[in-house]
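Let me begin by presenting the structure, written as structure tokens, before commenting on it.
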Amino acid sequence: MTSETPREVLTWSLFGTAVRDLATAIAADGYRPEVLLGIARGGLPLAAGLAYALDVKETGTINVEFYTGVDTRLEEPVVLAPSVDLTELRGRRVLVVDDVADTGRTLGVVVAMCREAGADPRSVVVYRKPTTRLAPEYSWKDTDRWIDFPWSAQGPVPGLSAPAS
688 MTSETPREVL
698 TWSLFGTAVR
708 DLATAIAADG
718 YRPEVLLGIA
728 RGGLPLAAGL
738 AYALDVKETG
748 TINVEFYTGV
758 DTRLEEPVVL
768 APSVDLTELR
778 GRRVLVVDDV
788 ADTGRTLGVV
798 VAMCREAGAD
808 PRSVVVYRKP
818 TTRLAPEYSW
828 KDTDRWIDFP
838 WSAQGPVPGL
848 SAPAS
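At position 1 of the sequence shown (counting the first as 1) the number is 688 in our numbering, and the numbers step up by one without a gap.
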């Protein structure tokens, strides 16, 4: 992908609009999640915003690696440590939160894990792509472009060394 390739650009201001619009749609639907489960890393800003907008205090994170770069990904999504204790979700309404449903495979893995744990999951994203296999119940906008999110558009700061193992 070149710099001339059209991109979807989400600003912090538009992100605030997206959070409010999504929370309004979820509330209007009558869905009242008991727990928000943000998929790290991209889903964490949306999970935080929705937690406040929907007045949900119980939040958790789950770390899933799938993308390794622009348009490059692993064969299958991989759940990384640390992770939420899924047994605590049994019988609960859980809103699974991510930034984008591109293939839907990351969402699919987490939603399936929640169901297997006995939870009642629904999912929400800022962007839904036409290529997704799992259509989230809630999304703010459809796009087929690569997305520049305000929290990741610039990449890591220069000078970072590799973590010690």
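For glycine and all other residues, C-beta sits at the position ideal for the given N, C-alpha and C.
Helix, strand or coil at R777 [DSSP, three-state]:
coil
Have a look at S770 and A715 and give me their C-alpha separation to the nearest angstrom.
31 Å
Under 6 Å Cβ to Cβ from G795, same chain only, skipping five residues before and after it: list those, please.
L821
Taking Cβ positions, are W838 and P693 nearer each other than 9 Å?
no
Under a three-way DSSP split, which group does P843 fall into?
coil
Decide if the segment 719-727 is in contact with the segment 826-834; the criterion is three or more beta carbon pairs, one per stretch, under 8 Å apart.
no
Kindly provide the ranges of any alpha helix (DSSP H) runs that are 4 or more residues long and lie completely inside the segment 713-749, ordered along the chain.
730-740
Taking 8 Å as the limit between beta carbons, can you name the residues of its chain near W827, skipping five residues before and five after?
A705, D708, L709, V812, V813 and Y814
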